[in-house]
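A short worksheet on the structure shown next.
Residue numbers (our numbering): 25 to 170.
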């Protein structure tokens with residue numbers, strides 16, 4: 025949303041309404057096309073973006089596990105599934121999809137950044153330090169800004 029929503033209540037209300045309308049639309053599409061991996065993937069991405077982590081996990085898990093998802097999107101799908109699981113607070117479950125993101129072709133190296141957080145929060149400080157170094161070394165600059 026634009027910066028102006030901070031001080032313009034009409035604009036803030038508009039963006040809030042749009043947000044819920046888009047959530048409803050993506051969830052409708054996922055129900056209508058449950059076996060279409062790109063629909064499940066995009067639904068999961070939108071739900072992750074609006075912090076509806078439990079719902080995002082369902083859709084991203086379906087997309088990442090589908091053979092119909094484009095190979096080029098698999099790394100990102102697994103990384104986002106890991107992020108959604110982190111959002112739910114399930115750090116133990118987040119590790120496997122984040123590691124899977126690194127095993128895809130192409131890998132999503134931003135998973136190292138999230139793995140560093142998972143390891144730190146689960147008390148595995150040496151692994152956290154290695155993953156943080158891999159994040160700095162291999163992840164795109166825009167991933168580090170997040």
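For every residue, glycine included, the Cβ atom is placed at its ideal position computed from N, Cα and C.
Around residue 50, the same chain offers 67, 70 as residues with beta carbons nearer than 6 Å, after the five sequence neighbours per side are excluded.
Judged by DSSP in its simplified three-state form, residue 66 adopts helix. Exposed is the label assigned to residue 48, since fewer than 16 other Cβ atoms lie within 10 Å of its Cβ. Minimum Cα-Cα distance from residue 134 among the listed residues 150, 117, 94, 99 corresponds to 99.
Listed in chain order, the non-local C-beta contacts of residue 125 below 6 Å within the same chain comprise 99, 102, 103, 132, 135, local neighbours out to five positions each way being set aside. CA-to-CA, the gap between residue 26 and residue 36 works out to about 9 Å.
Annotation for residue 108: 72, 77, 80, 81, 84 place their beta carbon closer than 6 Å to its own, counting only its chain and skipping 5 residues before and after. In the three-state scheme derived from DSSP, where H, G and I count as helix and E and B as strand, residue 106 is classed as helix. Assignment of residue 32 by DSSP, reduced to helix, strand and coil, places it in the coil class. With respect to residue 43, residue 54 sits apart: the two C-beta atoms are not nearer than 9 Å.
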